[in-house]
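Residue numbers (this note's numbering): 113 to 470.
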Amino acid sequence: MDYAPLIDRKRQRFAELEAQIASPEFFSDPKKAADSTREHARLRKLLDTWDAFTRTRTELAENQEMARGPDPDFAAMAATEIPALEQQLAALNEQVIYALLPPDGTEDRDALLEIRAGTGGDEASLFAADLLRMYTRYCDTRGWRVETLDSSPSEVGGFKSITLKVSGDEVFRFLRYESGVHRVQRVPATETQGRIHTSTATVAVLPEAEEVDVQIRPEDIEIQASRAGGPGGQGVNTTDSAVQVFHKPTGLVIRCIETRSQIKNRERAMAILRAKLFEARQREEQEKYATHRRSLIGSGGREEKIRTYNYPQNRVTDHRIGLTVYNLDLFVEGQIDDMVSALQRRDMEDRIAALQSE
113 MDYAPLIDRK RQRFAELEAQ IASPEFFSDP KKAADSTREH ARLRKLLDTW DAFTRTRTEL
173 AENQEMARGP DPDFAAMAAT EIPALEQQLA ALNEQVIYAL LPPDGTEDRD ALLEIRAGTG
233 GDEASLFAAD LLRMYTRYCD TRGWRVETLD SSPSEVGGFK SITLKVSGDE VFRFLRYESG
293 VHRVQRVPAT ETQGRIHTST ATVAVLPEAE EVDVQIRPED IEIQASRAGG PGGQGVNTTD
353 SAVQVFHKPT GLVIRCIETR SQIKNRERAM AILRAKLFEA RQREEQEKYA THRRSLIGSG
413 GREEKIRTYN YPQNRVTDHR IGLTVYNLDL FVEGQIDDMV SALQRRDMED RIAALQSE
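Structure follows, in structure tokens:
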């Protein structure tokens, strides 16, 4: 893909900002000055990365030419440098694509990760537990902190539903593509005739919403406290610690029983509610301004079947980008980086293509 026309536009904008910053009245509007300064810094980083990309691309072409030359010593020396240059060029290319995209204010945020058993009964709840373990281990590899906000275990050791808060560096940027319907094909432990069953679980990844993002009026919610049912310690079922929040305008009901503290459960329920309302508002805005274009990786809607986990073939297929890998045994242990990177690349390429067509 030729990024040169976009880079030229960015250079023009950078020159405009340089002139603005040099103006004596630049700081007369502090907010505008701060926004322009941030944009100037982003553009400088982009142009520096582009310059490094073009230098590396030239160096790679020169080495490839020398590797085909008549001098065997020079050819061997040039050939040994080619793999490192190719790797460096690919990394710079991805950095350029990411820097060209308009900044997304949610990418740096923590995220709420919700997993729900879908079709398949007990097997679906066990699959939900498998997905929970997969994401937990992936978060561990990235150094992210995982906190359970709410959960509803099943009778067979799985989960009917579970909601996590994931905190760390650029959490939503990496987890956002996991939203949708995940399908598993395998022989359940309870199957006596060895037949393969198909079950599903739904994953929703929401950027954590701050109070300034979503205004929730006190008169729009009803909060009820009750005793937490189900298994638990002596304080769980004997105190009114469970909290249910009903949001009247949307009909959303959030129930949280994870801690023995009613106050903490209320805080967690409100955090989940804010995230769901924030996601709904973002989705509405995206529909309003981007109905003419659908990302190649889908809208991330929970109704979409995004991925199949086929145990007999040790296969994982992501249907949005048509990528199949045969390492399911490692994938479900949290080694999902390659899939996440492929989804990010496709998304960035599609968004860049949309920018070029504007």
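Cβ atoms here follow ideal geometry from the backbone N, Cα and C, with glycine treated the same way.
Asked: Status (buried if at least 16 other CB within 10 Å, exposed otherwise) for serine 453; Found: exposed
Asked: Collapsed DSSP secondary structure at lysine 481 in the structure displayed; Found: Only positions 113 to 470 of the chain appear in this structure, which leaves residue 481 out of reach.
Asked: Beta-carbon spacing of alanine 321, valine 283 below 8 Å; Found: no
Asked: Leucine 224: first and last residue of the uninterrupted beta strand (DSSP E) it sits in; Found: 223-229
Asked: Element boundaries [alpha helix (DSSP H), containing glutamate 171]; Found: 142-179
Asked: Segment limits, alpha helix (DSSP H) that includes threonine 218; Found: From DSSP, threonine 218 is part of no alpha helix (DSSP H); its letter is neither H nor E.
Asked: Under 8 Å between C-beta atoms of phenylalanine 165 and asparagine 205; Found: yes
Asked: Any 3 or more C-beta pairs closer than 8 Å across the segment 169-178 and the segment 190-209; Found: yes
Asked: Distance, leucine 261 Cα to alanine 316 Cα; Found: 14 Å
Asked: Residue of Arg329, Trp162 and Tyr247 minimising C-alpha distance to valine 289; Found: A small fix is needed here, since residue 289 is tyrosine in this sequence, not valine. Nearest option by C-alpha distance: Tyr247.
Asked: Chain-order list of residues whose beta-carbon lies under 6 Å from that of phenylalanine 186 (same chain, five-residue window excluded); Found: Met178
Asked: Cβ neighbours of asparagine 426 in the same chain (closer than 8 Å, five flanking residues each side left out); Found: Tyr438, Asn439, Leu440 and Asp441
Asked: Contacting residues, own chain, Cβ-Cβ under 6 Å from alanine 116 (five flanking each side not counted); Found: none
Asked: Where leucine 318 falls: helix, strand or coil (DSSP); Found: strand
Asked: DSSP state of glutamate 379 mapped onto helix, strand, coil; Found: helix
Asked: Cut-off 6 Å between Cβ atoms - residues of its own chain near glutamine 468, not counting five sequence neighbours on either side; Found: none
Asked: 7 Å CB neighbourhood of threonine 312 in its chain, flanking five on each side removed; Found: Gly230, Thr231, Gly232, Ala236, Val293, His294 and Arg295
Asked: Local Cβ density within 10 Å of aspartate 450, reported as buried at 16 or more and exposed below that; Found: exposed
Asked: Proximity to lysine 360 [Cα-Cα], best of Leu385, Ala146, Pro182 and Glu259; Found: Leu385
Asked: In DSSP terms, what arginine 298 is bridged to; Found: His309
Asked: Option in Arg245, Asp459, Gly269 and Thr275 with minimal Cα separation from glutamine 447; Found: Arg245
Asked: Member of Tyr423, Thr436, Gln394 and Met460 whose CA lies at the smallest distance from the CA of glycine 217; Found: Gln394
Asked: Cβ shell of asparagine 175 (< 8 Å), same chain only, five flanking positions each side left out; Found: Ala190, Ala191, Glu193, Ile194 and Leu197
Asked: Three-state class that DSSP yields for tyrosine 115 in the structure shown; Found: coil
Asked: Isoleucine 119 versus glutamate 219 - alpha carbon distance; Found: 23 Å
Asked: Top-ranked residue by Cα proximity to aspartate 160, from Ala134, Gln132 and Gln207; Found: Gln207
Asked: Reduced DSSP secondary structure (H/G/I, E/B, other) of serine 338; Found: strand
Asked: Where the beta strand (DSSP E) through valine 428 begins and ends; Found: 427-430
Asked: Whole-angstrom distance between alanine 127 and alanine 381, CA atom to CA atom; Found: 48 Å
Asked: Collapsed DSSP secondary structure at glutamate 391 in the structure displayed; Found: helix
Asked: Burial state of proline 319, where buried means 16 or more other Cβ atoms lie within 10 Å; Found: buried
Asked: 6 Å CB neighbourhood of glutamate 391 in its chain, flanking five on each side removed; Found: Leu318
Asked: Cutoff 8 Å; reference aspartate 141; Cβ partners in own chain excluding five residues on either side; Found: none
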